[in-house]
Every structure is written in C-alpha cells, then in structure tokens.
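What follows is a short report on a single structure.
Protein chains: 2
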Amino acid sequence: MEEFSPRILPLLWRRSVPARKAVGRPPRLTIDLVVSTAIRIADAEGLEAASMARVAAELSVATMSLYTYVPSRPELADLMVDEVFWARDLRGEGTFRERVRHYAERTFAMYRAHPWLAEVSRARPPLGPGMLAEQEYVLAAVATLGLPLRQLNPAATAISAWVTSAARHEAESALLRRTTGLSTDEWWLQRGELWESWFDVEAHPTMTAIWNGGAFDRGADEQAQDAYEYGLGLLLEGIERSAEHDGTERSAELEGIERSAEHEETEPAAELEGIERSVEGDDRVP
Amino acid sequence: MEEFSPRILPLLWRRSVPARKAVGRPPRLTIDLVVSTAIRIADAEGLEAASMARVAAELSVATMSLYTYVPSRPELADLMVDEVFWARDLRGEGTFRERVRHYAERTFAMYRAHPWLAEVSRARPPLGPGMLAEQEYVLAAVATLGLPLRQLNPAATAISAWVTSAARHEAESALLRRTTGLSTDEWWLQRGELWESWFDVEAHPTMTAIWNGGAFDRGADEQAQDAYEYGLGLLLEGIERSAEHDGTERSAELEGIERSAEHEETEPAAELEGIERSVEGDDRVP
DNA sequence: CATGATTCCGTATACCCTACGGGAACTAGG
DNA sequence: CCTAGTTCCCGTAGGGTATACGGAATCATG
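Going line by line, the protein sequences match chains A and B.
FYI, the numbering for the first sequence is 1 to 286, going by our numbering.
FYI, the numbering for the second sequence is 1 to 286, going by our numbering.
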C-alpha cells in the first residue's frame, strides 16, 4: 500500500530539523526569507498581492526560482500562516479567565497585524508548530478548571472558534476599509437608501421596534464587538459552571459524550501530572 | 453634497418594484435567469467556476452581455447570496428554542445545498430581503424571551454568528472534499507523519494527556460538530438565564449598555405591541 | 420612416499559476 | 586539476480571470 505523504510537513517543522550538509550549488535565498517577504507584502497589500511573481520580484529573483524553496502557492500560504501563528507566542499563565484573555488579546493582535489571515480558510489548517501551540495553550487553559477529560476538547474548540471568528471579522472589516476606502459606517451611510426606499416596516416588526427604541445607535463594528464580548462571557460562564457541579446536573446531556471515558472522573486533571511519554501506539485516529 | 448611491440596492429589491414600461431593444435574458444560472454553476463546481465568461457561455450569450444585467462580478455574487438567503424561507413559530432550532436547521440545509456560500465574505453582506429576513427572524426568536431591548441585538448576533460559523465550516469541509478528493479524515490520515516524526510530546502535555485518555477518537468533522452543539447549548442557556433574573445580578455589567434606554424596563417586549410605523426621522445611524 | 432607448458584443489589456527542461554553480573524491 | 554528483536558477509557453470602450443591432413610438 503506497501512501502519499505531503511535502509540506518537513517545511512547517523545519526548525526542528538539523541543517543539511552543504552540497551542490548554494542557494541565494532561504525559506524563511521567502516566507517573511510574502508576509510583508500580504500585510501591506493583502494576500493576493503576495503572488509568486510579486514575491520573486521583491527578492530580485525569477518567479520560477521560488519553486526550489516552496512546492507551490498553497504551501507558501500554509507556511505564512503557521509562521504568524508561531510568532503569536502564547505564554501567559494564571487562572482560566486570565489565560483566555491572554489568548484573545494575542489573537486579536495577530489578526490586526496580519489581516490577510482572514482571507485564508480555517479548514484543514497547516499542521505546524504554531497551530499546535494554539491547541495546547487553549486546552491547557480549559484544563485548569478540572473538567472531565472528554469535555476539554469541545470547550477549547468553542473558545478558540469564538475568539477567532471575531478576530477574523474585525480583520475583514479592516481589509475592506483598505480596499474600498470606506469604513463600515461610511459603507452603511452610503446605503441609507435602504431605509428610505426599500425597507418594509411591516415585514420587520422586531427590527423596527429595536430601531424606535434607539438600540441601533452604535456603529456596526461596535455592535459586532458587543456581541463578541457578550457571547464570550456566556461561553466562559457556562464552561466554568459545568466544572463547578461536576456533571451532576448536566450529566444526562453529556452522557453520550462521556460514555466511554474510563479515566478517573473525580480528579479529571490527574492525567496531566504523570504523562505517559510514549507515542508509539498506532491506534490513534486524529 | 453629492452622495454616491450604490447601484446594487434596486437589483436586490427588484421584487418590490413594478415592471418598467417596455422601450428599446427587448432583453434576451432576465436578472433572475442570470442569477439562478450562476447559482447552479456554483452549486456544482464552486464559486470560481461561476465566472462571467462561464455564466454567459451557459446562457449562450457573449460575456459582455451580462454587464447589461449586472454591474460587475461582486454584485452578481451579492445577488446570488441574497437569492439563497431569501429562498431559505424562515417561517417557523414557537418557543425560543424551537425557533433557534428551526433557524439552525434551515441554515445548515442552505449551506449544504450551496457550499460556495462559505467562499463569500460575511462582512458587509448584501442588504437585500434575504439578509433582512434572517435578522428579523433571529431577533424575533430572542424577543420571545422578554429580554431588555438593548440586549436583543447582541444575543441575536451571537446566535446567528455561532450557527453560521458552524455551517460555513461544514461547507468548507465539503468543498475541500470535492476539490481534493479527500475527506477530512483521509486528509488527517495522510498526515500521520505529523505524530510519528514531528509532534513534540513534552511541548504539548495537555494534548498528549487527552490523547492517552482516548478522547481524540472521533473524526475531525464530528469533533467540530460536538463543539458547535456544546457551544450553542451554553449560549442559549446563558441567554435564557439572563432573561429569567431580569438583569438584577448582571446589571452591573450591563449598566453601560442599558444606560440610555428610556423605554419601559420592566416589560421590555412591550414595544413590540404598539409599533410606531414612522420611519421618516433621519436621525438614524445604522 | 425617423428617433430615441436599450441590448448585444468583439477587442484589447493586464494579471494569475506552474510544467518542463537546460544551463550554472557548487562540493567531494580522485 | 578534473570529473561526477547535486542543487539551484530561470525562460518559455499555455490557459485562466475581469472589464473599459465603442459601435452595431433591435425594438416602440411618433
């Protein structure tokens, strides 16, 4: 059984690998230089601008030369993404809330510095050190609460999905402001005709009521921020609550998930003390 | 003060406008035909496939002819999006939970039928009837709880963001499966090398513990679904809870938001009964 | 039949990615 | 110094994309 193994993993993990002995014509560039140049262009002008031709030109090299360093364009994008994820450098300690706040702050800062991240799909992300560092950090944050092992992953995934979703939304807004020259509020203002000419009051009673109540007076971006903070608060409260009364009240709902957990349920974080270092078993299906 | 008014609004709301008197050369096509053709192509082959040239070819018309019906490609995308949003046809009644469930089901169904929706940015969406119908439906669902007026929008936005985010993720997964020929699990399997050669156990103790506890045994798509349902449960519970004890416990946090609400706070849904039909005032900044 | 309105569309420009294959530049070993 | 092996560099060519512009075609009306 011949299995295809993608060429991207050694590139993503290139920092974990010792330098190869020099043989053959010496390269003019390095992968890191290519990646950082692409990131710099994308920061300034968006992901599309960081084309193979453009990156090569920036490095005073022919387009095709880049293909010695990177298999193809999508792989370059993967490398760019994992680079900035790795540079996010999550290392805050403290309580659950403090860690989540640190994660959120760093993530928003990352998307502000590199708004093109919002132009990259989040499905099947680059499996490099940056991505795994995020996973580990958020899981560790949730683990401080002492939740049952099987609940860590859903909780951590919910948190990172919520935070990332908001950061991406903000980044998209920034991108659009740059490409269109219009802020979100200016964009809305330009569409005032919607309310004057097209909006049907009778078909939208709730919106109209909120409107008349004056609850639409914040800008669109601010409303999104409000919703983000409101939702994050609910998620964190809910997760903390399910840690407090240890699955007694909600056990009925969770039974399906916890069914096959055979590890100590009273002290769920105990596994984190004595970690089995072996990763040799091949019965893992991620 | 000359204000630019976008040409897209009359197209989005074309169903609300009476037919124009026929004068000049009669058109061979209609906007609806163009839009539905583009949707059909995108359904089958993705958004990129629905290029101007391709849609025109499908209609046996020259590429440039489409520009009589649609100002440009982005506007065509807007029309496609609002078309399927409108066709989602949200009309379930019932309790808060029932309405949210209906909204979620219809939304997932929509993204399954039109996975290319995940390829379109959610920022600055088309302001057509479909988009507004969604807003109204979710707001009305939340309004059944009797929340204070100023809390309706954050709650509704949180719900729709969470549901949409999950539906988009599933759709992206489907798109990737089609373009790459690999399911998400096959994609992971192909990257088994990650665990064998690159994963650093000591740097990722929490992941390793979860691993050894066997809590990673579900497929990636299933894990995402778990996180979605878990998070949705927390959001709905939290929203319901804040409706039960009417802002007594959380009033400190909410004070900043509720500050300028001068409408009856004890019966917050009262505005929905007697709606002021006037939308003439121009002091609204959406 | 003339006029005005509207639709139709050919051409031209400027991007994008990358398969292929040959030449250039280096090291190691003799 | 010479040669083999290895690796890097890159020119060409082909098939995509969106749309500005201007003129021809086709209708209702007067």
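For each residue, glycine too, the CB sits at the ideal point set by N, CA and C.
None of these values were measured; they are calculated from a predicted model.
For residue i and residue j, what's the separation of their Cα atoms in angstroms?
{"i": "B:LEU79", "j": "B:PRO126", "result": "7 Å"}
{"i": "B:LEU176", "j": "A:THR157", "result": "21 Å"}
{"i": "B:THR206", "j": "A:ALA140", "result": "6 Å"}
{"i": "B:ARG250", "j": "B:PRO6", "result": "Per-residue confidence for B:ARG250 stands at a pLDDT of 32, beneath the threshold of 50, marking its modelled position as unreliable; the derived number appears in the next sentence. Spanning the two alpha carbons is a distance of roughly 42 Å."}
{"i": "B:PRO18", "j": "B:PRO154", "result": "36 Å"}
{"i": "A:GLY181", "j": "A:ALA174", "result": "10 Å"}
{"i": "B:PHE4", "j": "A:GLN190", "result": "7 Å"}
{"i": "B:SER72", "j": "A:GLY46", "result": "21 Å"}
{"i": "B:ARG150", "j": "B:VAL100", "result": "20 Å"}
{"i": "B:TRP187", "j": "A:SER121", "result": "15 Å"}
{"i": "A:ARG14", "j": "A:LEU33", "result": "13 Å"}
{"i": "A:ASP226", "j": "B:GLY213", "result": "38 Å"}
{"i": "A:PHE108", "j": "A:ARG54", "result": "28 Å"}
{"i": "B:SER60", "j": "A:MET64", "result": "38 Å"}
{"i": "A:GLU98", "j": "B:VAL84", "result": "42 Å"}
{"i": "B:ALA203", "j": "B:GLU119", "result": "35 Å"}
{"i": "A:VAL70", "j": "A:ILE31", "result": "7 Å"}
{"i": "A:LEU66", "j": "A:ILE41", "result": "15 Å"}
{"i": "A:ARG25", "j": "B:GLU196", "result": "32 Å"}
For residue i, which residues of its own chain have a beta-carbon under 6 Å away from its beta-carbon, when the five flanking residues on both sides are left out?
{"i": "B:TYR111", "result": "LEU117, ALA167 and ALA171"}
{"i": "A:THR208", "result": "VAL201"}
{"i": "A:VAL142", "result": "LEU152, ALA155 and ALA156"}
{"i": "A:ARG88", "result": "ARG106 and MET110"}
Please list, in chain order, all residues of the same chain as residue i whose beta carbon is under 8 Å from its beta carbon, the five residues on each side excluded.
{"i": "A:THR68", "result": "PRO27"}
{"i": "A:LEU90", "result": "HIS102, TYR103, ARG106, ALA133, GLU134 and TYR137"}
{"i": "A:GLY94", "result": "HIS102"}
{"i": "B:GLU240", "result": "PHE96 and LEU145"}
{"i": "B:GLY231", "result": "TRP162"}
{"i": "A:SER16", "result": "PRO129"}
{"i": "B:SER36", "result": "GLU83"}
{"i": "B:LEU236", "result": "PHE96, ARG97, VAL100 and ILE159"}
{"i": "B:GLU75", "result": "ARG7, ILE8 and LEU11"}
For residue i versus residue j, is the C-beta distance shorter than 8 Å?
{"i": "A:ALA220", "j": "A:THR184", "result": "yes"}
{"i": "B:HIS169", "j": "A:ALA123", "result": "yes"}
{"i": "A:MET131", "j": "A:ASP82", "result": "yes"}
{"i": "A:PRO129", "j": "A:TRP86", "result": "yes"}
{"i": "A:LEU12", "j": "B:GLU193", "result": "no"}
{"i": "A:ALA38", "j": "A:ALA57", "result": "no"}
{"i": "B:SER165", "j": "A:SER165", "result": "yes"}
{"i": "A:LEU234", "j": "B:GLY233", "result": "no"}
{"i": "B:LEU147", "j": "B:ALA243", "result": "yes"}
So residue i contacts chain A; which residues on that side make the cut at Cβ distance below 7 Å?
{"i": "B:PRO6", "result": "GLN190 and ARG191"}
{"i": "B:TRP198", "result": "LEU9, TRP13 and SER16"}
{"i": "B:ALA107", "result": "Before going further, note that residue 107 of chain B is Thr rather than Ala in the sequence given. By Cβ distance, chain A contributes nothing, its closest Cβ being about 15 Å from B:THR107, past 7 Å."}
{"i": "B:SER165", "result": "ALA161 and SER165"}
Please compile the residues from chain B whose C-beta is within a distance smaller than 8 Å of the C-beta of residue i.
{"i": "A:THR206", "result": "GLU136, LEU139, ALA140, ALA143, LEU152 and LEU272"}
{"i": "A:TRP187", "result": "ARG124"}
{"i": "A:ILE41", "result": "Those do not exist, as A:ILE41 stays about 21 Å from chain B at its closest Cβ, beyond 8 Å."}
{"i": "A:ILE31", "result": "In chain order: nothing, as chain B lies at least about 16 Å away."}
{"i": "A:LEU47", "result": "Neighbours of A:LEU47 on chain B: none; closest Cβ ~13 Å, over 8 Å."}
Name the chain B residues that come within less than 9 Å of residue i, Cβ to Cβ?
{"i": "A:HIS169", "result": "ARG122, ALA123 and ALA161"}
{"i": "A:THR184", "result": "ALA123 and ARG124"}
Given that residue i touches chain B, what residues does it touch there, using C-beta distances under 7 Å?
{"i": "A:SER172", "result": "Reading the sequence as shown, one finds Glu at residue 172 of chain A and not Ser. In chain order: SER121 and ALA123."}
{"i": "A:GLU237", "result": "GLY238"}
{"i": "A:LEU194", "result": "LEU9 and LEU127"}
For residue i, which residues in the same chain have their Cβ closer than 7 Å to its Cβ, ignoring the five residues on either side in sequence?
{"i": "B:PHE216", "result": "ILE210"}
{"i": "A:TYR228", "result": "ALA166"}
{"i": "A:GLY92", "result": "GLU98, ARG99 and HIS102"}
Kindly list, in the order they appear in chain A, the residues whose Cβ is closer than 8 Å to that of residue i.
{"i": "B:SER36", "result": "Result: empty, since nearest Cβ-Cβ is about 22 Å, beyond 8 Å."}
{"i": "B:LEU117", "result": "Within chain A, no residue comes near B:LEU117; the closest Cβ sits about 13 Å away, beyond 8 Å."}
What does residue i reach in chain A if we use C-beta pairs closer than 9 Å?
{"i": "B:ARG157", "result": "Residue identity check: residue 157 of chain B is Thr in the sequence provided, not Arg. Neighbours of B:THR157 on chain A, chain order: GLN223, ALA224, ASP226, ALA227, TYR228, TYR230 and GLY231."}
Chain-ordered residues of the region 122 to 134 of chain B with a beta carbon less than 9 Å from chain A: With the criterion set as a beta carbon lying under 9 Å from some beta carbon of chain A, the members of the region 122 to 134 of chain B are ARG122, ALA123, ARG124, LEU127, GLY128, PRO129, LEU132 and ALA133, in sequence order.
Members of the region 215 to 227 of chain B near chain A, C-beta cut-off 9 Å: Contact residues of the region 215 to 227 of chain B toward chain A are ALA215, PHE216, ASP217, ARG218, GLY219, ALA220, GLN223, ALA224, ASP226 and ALA227 (C-beta to C-beta distance below 9 Å).
Chain-ordered residues of the region 60 to 89 of chain B with a beta carbon less than 7 Å from chain A: Sequence-ordered contacts of the region 60 to 89 of chain B with chain A are nonexistent [C-beta pairs closer than 7 Å].
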